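Below is one structure, written out as structure tokens; the observations come after it.
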Ligand SMILES: [Zn+2]
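In the working numbering, the protein residues as written are 42 to 130.
Structural data, given as structure tokens:
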């Protein structure tokens, strides 16, 4: 029997094949939710769906798109925000 903390579905179950050929069950933490646009809450592409610890080892350019509001707004909302700010000025 596994440790009590692993009996819930808080952890995801991953079958891992060991070098000896045995298949064993590993318990891993679940992936966080996909990043969403702050304005229209559509799913953002180009933002990795990994835990914060894994983000530490990634390059800044791999974490969000290289444009203004990259990783915060989707491309169409970004365009709208910039056009609005120019029109106000
Ligand atoms: Zn949007």
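Virtual Cβ for every residue (Gly too), placed ideally from N, Cα, C.
Just so we're clear, the structure is a prediction, and the values are computed from it rather than from any experiment.
- Secondary structure note for residue 66: its beta strand (DSSP E) is the uninterrupted segment 64 to 70.
- Here the alpha carbon of residue 95 sits roughly 40 Å from the alpha carbon of residue 128.
- DSSP, reduced to helix, strand and coil, places residue 105 outside both helices and strands of the structure shown, so it counts as coil.
- DSSP places residue 120 in no beta strand (DSSP E) but in the uninterrupted alpha helix (DSSP H) bounded by 116 to 129.
- Taking the Cα positions, residue 84 is about 6 Å away from residue 75.
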